[in-house]
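Engineer:
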Amino acid sequence: MLNIHNLSVAFGGEYLFEEIAFRLNGGDRVGLIGKNGAGKSTLLKLLSKEMAPDTGVIAMEKDIKIGFLKQDIDFVMGRTVLEESYQAFSEIKSLELKLEEINTALAERTDYESEGYNQLMVDLTDVTHRYEILGGYNYQGDTEKVLLGLGFKREDFDKITDTFSGGWRMRIELAKLLLQNNDVLLLDEPTNHLDIESIIWLEQFLKNYPGAVVIVSHDKMFLDNVTNRTIEISLGRIYDYNKPYSKFLLLRKEMKEQQLNAQKNQEKQIQQTEKLIEKFRAKATKASMAQSLIKKLDKIERIEVDEDDNSVMNVRFPVSVTPGKVVAELEDLSKSYGSKQVLESIDLLVERGSKTAFVGQNGQGKTTLAKIMVGELEHAGKLKIGHNVQIGYFAQNQAEYLEGNKTILDTMVDSANESNRSKVRDILGSFLFRGDEVEKYVKVLSGGERNRLALAKMLLQPFNVLVMDEPTNHLDIKSKNVLKQALQQFEGTLILVSHDRDFLQGLTDRVYEFKEGGIKEYLGDIDFYLEQRKAEDFRKIEKGEKKNQVKTQERPKQNDYQAQKKLKSLKNKLSGVEKKISQLEKEIATIDHDLLMDYDATIAKSGFFDEYQGKKDLLGALMQDWEKLSQDLEILDK
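The sequence shown begins at 1200 in my numbering and counts up by one.
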């Protein structure tokens, strides 16, 4: 499909990436990863031909269709959601106009035997055939399915796009791309504005997508569930493996360990050779041998270990003062925008030290309630903030509040006070803004860099309660992990509005789902919530069955003999798998030892790498089998 050869791009005299090369094939679902500012979005622009490289070529098949979801989109004002979505079918809409013109002409004419009338009939047949091939009779139904999957309701279809937020407009643009028969999809942060249910729907859609997909995303779970290949941009180079993100990290670590072992072995050989050279130089009879060894040494290709860009944020959220036991109390709280009731009769008690997640579809009131709690919105009902409570608020569009014409340093200095102004450079350094970088203007920063600056700015104000609305948008995976760790160590009260399942895992102890104006409490983390939601969906399906359906009798419980037989079978299988795992681990350990002792001789064996990787892949599969059998055994025991 696409062949990228020796591609280079430089900004300000420094290479973003240099002479990178890879091939994109049908069925590839590539996770394009790297730090903020590594060049991911730039590479997407190159692939979509929005910009040209400094050097290198992108060769592609003839008539290939590429769809590109960008962060910034423009809409024509005045179109409804359906009308905008139908723009995905430009040729079909054009054919509809032609069909209308031909049918109008046929209705007006009576010269049925004329050549002109006959030509109209031929045109009608040709246009109708083309219309049918392109899916003209199905596109409206397909559009509705995709819009519903992305969280729209049928009553939204005829609303003007101008009335929707940026996040919902992004969904419309995503719907258009998914509806086009593109050969390649380029998606830049597609999950940033999607709720959990819509992300799960998008995952299923992309898994079945026949073309090639390149995804820039910082959602680890989304990448693991969708991709089958990972390309990392790091320090101007790319690392390309046919594995999803988590498996890529393991493989990358193993490869680096192998490089280090090989480098150590080579260094030993070089040192031994150098000792021989020094020894032989002293003897006239051995001078020619010394020269021969020097030439041999010069020809050795030194093994290099891949560099890693391990620079990460250093974040800590200190608690200002200890607040009272009750942080916030909401009683019969409601909020409406005109005739639209967003929140209705909400009762909520937030206690000191609690860790809470707000989840649910977009537009259900999560951000609205967060803004009410920090005093940004008027409301009906009671809201009582507790004693000594100081709230730090990170808004969903926090980065947009930054002034583009200010430098990073000026942004911080202007927000500081006398007591912390001297700490500004230290805070910036901990958020990876070091040296001359602090003189950069905000307007030239990437989305992730702006988010980091907004987080740094937060630390200039005292707080013991953190309310954060989608704090991970645009942050790279390493920065997200650092932020998560900082929030886990935060001793204050935390309220998180987020759709990022991986980020929320183990971070909160309760979840509030927002739906149809109300909230529902789940006493557990995000995994518990998702398990409960699936159970609710099953109950809904059961309720939807016909009431007059004859109830099937409950199956009699298996007798003890059958249960014991199944238990024994599972234990035997588990034991067999454990033996295979033990044997494979011994074999792999032996190979690793051989590599350490004599790398060159070990890899010289015929088919070594295929055999070595095959053993590791088999070990991974056996570990999955072991985990499944263990779970089955545990369930049966219960």
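Note that the Cβ used here is the ideal one computed from N, Cα and C, for glycine as well.
Assuming Asp1341 contacts Leu1378 (C-beta within less than 8 Å), just tell me the rounded distance between them.
Structural biologist: If you number the sequence shown from 1, residue 1341 lands on position 142. If you number the sequence shown from 1, residue 1378 lands on position 179. Going by Cβ atoms, the distance from Asp1341 to Leu1378 rounds to 6 Å, so yes, they are a contact pair.
Engineer: Below 8 Å, how does it come out for the segment 1619–1639 and the segment 1216–1227: are there three or more Cβ pairs, yes or no?
Structural biologist: They do not touch, by the three-pair rule.
Engineer: Does the beta-carbon of Gln1563 have 16 or more other beta-carbons within 10 angstroms, so that it is buried, or is it exposed?
Structural biologist: As a working mapping, residue 1563 is identified with position 364 in the sequence shown. Buried, since its Cβ has 16 or more Cβ neighbours within 10 Å.
Engineer: Check whether the segment 1607–1626 and the segment 1545–1555 touch, using three or more Cβ-Cβ pairs below 8 Å as the test.
Structural biologist: The segment 1607–1626, when compared against the segment 1545–1555, does not touch it at the 8 Å Cβ threshold.
Engineer: What does the alpha-carbon distance come out to for the pair Lys1406 and Met1454?
Structural biologist: In the sequence shown, counting from the first residue as 1, residue 1406 sits at position 207. In the sequence shown, counting from the first residue as 1, residue 1454 sits at position 255. So the alpha carbons of these two residues sit roughly 28 Å apart.
Engineer: If you draw a straight line from the alpha carbon of Leu1496 to that of Ala1800, how long is it in whole angstroms?
Structural biologist: By 1-based counting over the sequence shown, the position of residue 1496 is 297. By 1-based counting over the sequence shown, the position of residue 1800 is 601. About 18 Å.
Engineer: CA-CA distance, Lys1656 and Gly1646?
Structural biologist: Stepping through the sequence shown from its first residue, residue 1656 is reached at position 457. Stepping through the sequence shown from its first residue, residue 1646 is reached at position 447. Cα to Cα, Lys1656 sits roughly 15 Å from Gly1646.
Engineer: In terms of DSSP beta bridges, what is Ala1527 paired with?
Structural biologist: In the sequence shown, counting from the first residue as 1, residue 1527 sits at position 328. DSSP, once it has assigned bridges, lists Val1549 and Ile1584 as partnering Ala1527.
Engineer: Quick one: using the 10 Å Cβ neighbour count with 16 as the cut-off for buried, is Ser1491 buried or exposed?
Structural biologist: Locating residue 1491 in the sequence shown gives position 292, counting from the first residue. By the 10 Å Cβ count, Ser1491 comes out exposed.
Engineer: In the DSSP assignment, find the unbroken beta strand (DSSP E) run with Ile1145 in it and report its ends.
Structural biologist: As shown, the chain starts at 1200 and ends at 1837. That puts residue 1145 outside it, with no answer to give.
Engineer: Distance check for Leu1385 and Gly1248, CA to CA, integer angstroms please.
Structural biologist: The sequence position of residue 1248 within the sequence shown is 49, counting from 1. The sequence position of residue 1385 within the sequence shown is 186, counting from 1. One detail in the question is off: residue 1248 reads as Lys in this sequence, not Gly. Each residue's alpha carbon lies about 12 Å from the other.
Engineer: Could you give the residue range of the beta strand (DSSP E) that holds Tyr1440?
Structural biologist: Along the sequence shown, read from residue 1 onward, the residue named residue 1440 stands at position 241. Run containing Tyr1440: Arg1436 to Tyr1440, per the beta strand (DSSP E) assignment.
Engineer: Measure how close the beta-carbons of Ile1395 and Arg1651 come, nearest whole angstrom, since I'm counting them as under 8 Å.
Structural biologist: Locating residue 1395 in the sequence shown gives position 196, where the first residue counts as 1. Locating residue 1651 in the sequence shown gives position 452, where the first residue counts as 1. Their Cβ separation, rounded to whole angstroms, is 25 Å, which puts Ile1395 and Arg1651 out of contact at 8 Å.
Engineer: So for Gln1457, helix, strand or coil by DSSP?
Structural biologist: Numbered from its first residue, the sequence shown carries residue 1457 at position 258. Correct three-state label for Gln1457: helix.
Engineer: Determine the DSSP secondary structure at Ala1803, reduced to helix, strand or coil.
Structural biologist: Working through the sequence shown from its first residue, we reach residue 1803 at position 604. Residue state, collapsed to three classes: coil.
Engineer: Could you check the C-alpha separation between Pro1755 and Ser1544 for me, to the nearest Å?
Structural biologist: Mapped onto the sequence shown, residue 1755 falls at position 556. Mapped onto the sequence shown, residue 1544 falls at position 345. With a pLDDT of 37 at Pro1755, under the threshold of 50, the modelled position of that residue is not reliable, and no figure is offered here.
Engineer: Return the first residue and the last residue of the alpha helix (DSSP H) that His1328 is part of.
Structural biologist: Taking the first residue of the sequence shown as 1, we reach residue 1328 at position 129. Element bounds for His1328: Glu1314 to Ile1332.
Engineer: What does the alpha-carbon distance come out to for the pair Lys1815 and Leu1783?
Structural biologist: Taking the sequence shown and counting its residues from 1, the one referred to as residue 1815 is at position 616. Taking the sequence shown and counting its residues from 1, the one referred to as residue 1783 is at position 584. Going by the C-alpha atoms only, they are around 8 Å apart.
Engineer: What residues in its chain sit with their C-beta under 8 Å from that of Pro1409, if we drop five residues either side in the sequence?
Structural biologist: Working through the sequence shown from its first residue, we reach residue 1409 at position 210. The residues are Gly1225 and Gly1226.
Engineer: Quick one: what does DSSP say Gly1255 is sitting in, helix, strand or coil?
Structural biologist: As a position in the sequence shown, residue 1255 is number 56, starting the count at 1. It is a strand residue.
Engineer: Using the DSSP secondary-structure output, state which residues sit across from Gln1540 in a beta bridge.
Structural biologist: Here residue 1540 refers to the residue found at position 341 when the sequence shown is read from its first residue. DSSP output for Gln1540 lists Ser1535 as bridge partner(s).
Engineer: Would you tell me roughly how many angstroms separate the C-alpha atoms of Val1412 and Leu1401, rounded to the nearest one?
Structural biologist: Reading the sequence shown from its first residue, position 213 is the one you call residue 1412. Reading the sequence shown from its first residue, position 202 is the one you call residue 1401. Distance between the alpha carbons of Val1412 and Leu1401: 13 Å.
Engineer: From Ile1371, Pro1252 and Thr1472, pick the residue whose C-alpha is nearest to that of Thr1279; which is it?
Structural biologist: In the sequence shown, residue 1279 corresponds to position 80, counting from 1. Here the closest residue by C-alpha is Ile1371.
Engineer: Do the CB positions of Gln1595 and Asp1668 come within less than 8 Å of each other?
Structural biologist: To locate residue 1595, count along the sequence shown from 1; it is residue 396. To locate residue 1668, count along the sequence shown from 1; it is residue 469. Yes. Within cutoff.
Engineer: Going by beta carbon distance, what residues of the same chain come within less than 8 Å of Arg1624, once the five residues before and after it are set aside?
Structural biologist: In the sequence shown, residue 1624 corresponds to position 425, counting from 1. Within the same chain, Arg1624 has close Cβ partners Leu1608 and Val1637.
Engineer: Which runs of the alpha helix (DSSP H) spanning at least 4 residues fall entirely within the segment 1668–1712, listed in chain order?
Structural biologist: You should have 1676–1688 and 1700–1703.
Engineer: Taking the C-alpha atoms as reference points, what is the distance between Arg1353 and Leu1347?
Structural biologist: Along the sequence shown, read from residue 1 onward, the residue named residue 1353 stands at position 154. Along the sequence shown, read from residue 1 onward, the residue named residue 1347 stands at position 148. Going by the C-alpha atoms only, they are around 7 Å apart.
Engineer: Decide if Val1776 is buried, meaning its Cβ has at least 16 other Cβ atoms within 10 Å, or exposed.
Structural biologist: Counted from its first residue, the sequence shown places residue 1776 at position 577. That one is buried.
Engineer: Answer with buried or exposed for Gln1757, where buried requires no fewer than 16 other C-beta atoms within 10 angstroms of its C-beta.
Structural biologist: Here residue 1757 is taken as the residue at index 558 of the sequence shown, counted from 1. Any reading at Gln1757 is ruled out, since the residue's pLDDT is 41, under 50, leaving its predicted position unreliable.
Engineer: Thinking C-alpha only, which one of Leu1722, Gln1339 and Ser1416 is nearest Leu1674?
Structural biologist: For this step, residue 1674 is matched to residue 475 along the sequence shown. The shortest Cα separation from Leu1674 among Leu1722, Gln1339 and Ser1416 belongs to Ser1416.
Engineer: Drop a sphere of 10 angstroms on the beta-carbon of Val1256, count the other beta-carbons inside from all chains shown, and report buried for 16 or more, exposed for fewer.
Structural biologist: By one-based count along the sequence shown, residue 1256 stands at place 57. When all chains shown are included, Val1256 counts as exposed.
Engineer: For my contact list, Ile1493 and Ile1476 are in at a C-beta cut-off of 8 Å; report their separation, rounded to the angstrom.
Structural biologist: Locating residue 1493 in the sequence shown gives position 294, where the first residue counts as 1. Locating residue 1476 in the sequence shown gives position 277, where the first residue counts as 1. Rounded, the Cβ-Cβ distance is 6 Å, consistent with contact.
Engineer: Decide if Ile1834 is buried, meaning its Cβ has at least 16 other Cβ atoms within 10 Å, or exposed.
Structural biologist: Indexing the sequence shown from 1 puts residue 1834 at position 635. Flag for Ile1834 reads exposed.
Engineer: According to DSSP, what are the bridge partners of Lys1352?
Structural biologist: Indexing the sequence shown from 1 puts residue 1352 at position 153. Paired residues: none, contrary to the question.
Engineer: Could you please give me the residues that DSSP links to Val1413 through a beta bridge?
Structural biologist: Translated into the one-based positions of the sequence shown, residue 1413 becomes position 214. DSSP lists Val1229 and Leu1385 as partners of Val1413.
Engineer: Can you grab the Cα-Cα spacing for the pair Leu1243 / Lys1269, in whole Å?
Structural biologist: Stepping through the sequence shown from its first residue, residue 1243 is reached at position 44. Stepping through the sequence shown from its first residue, residue 1269 is reached at position 70. Computed Cα separation, rounded: 9 Å.
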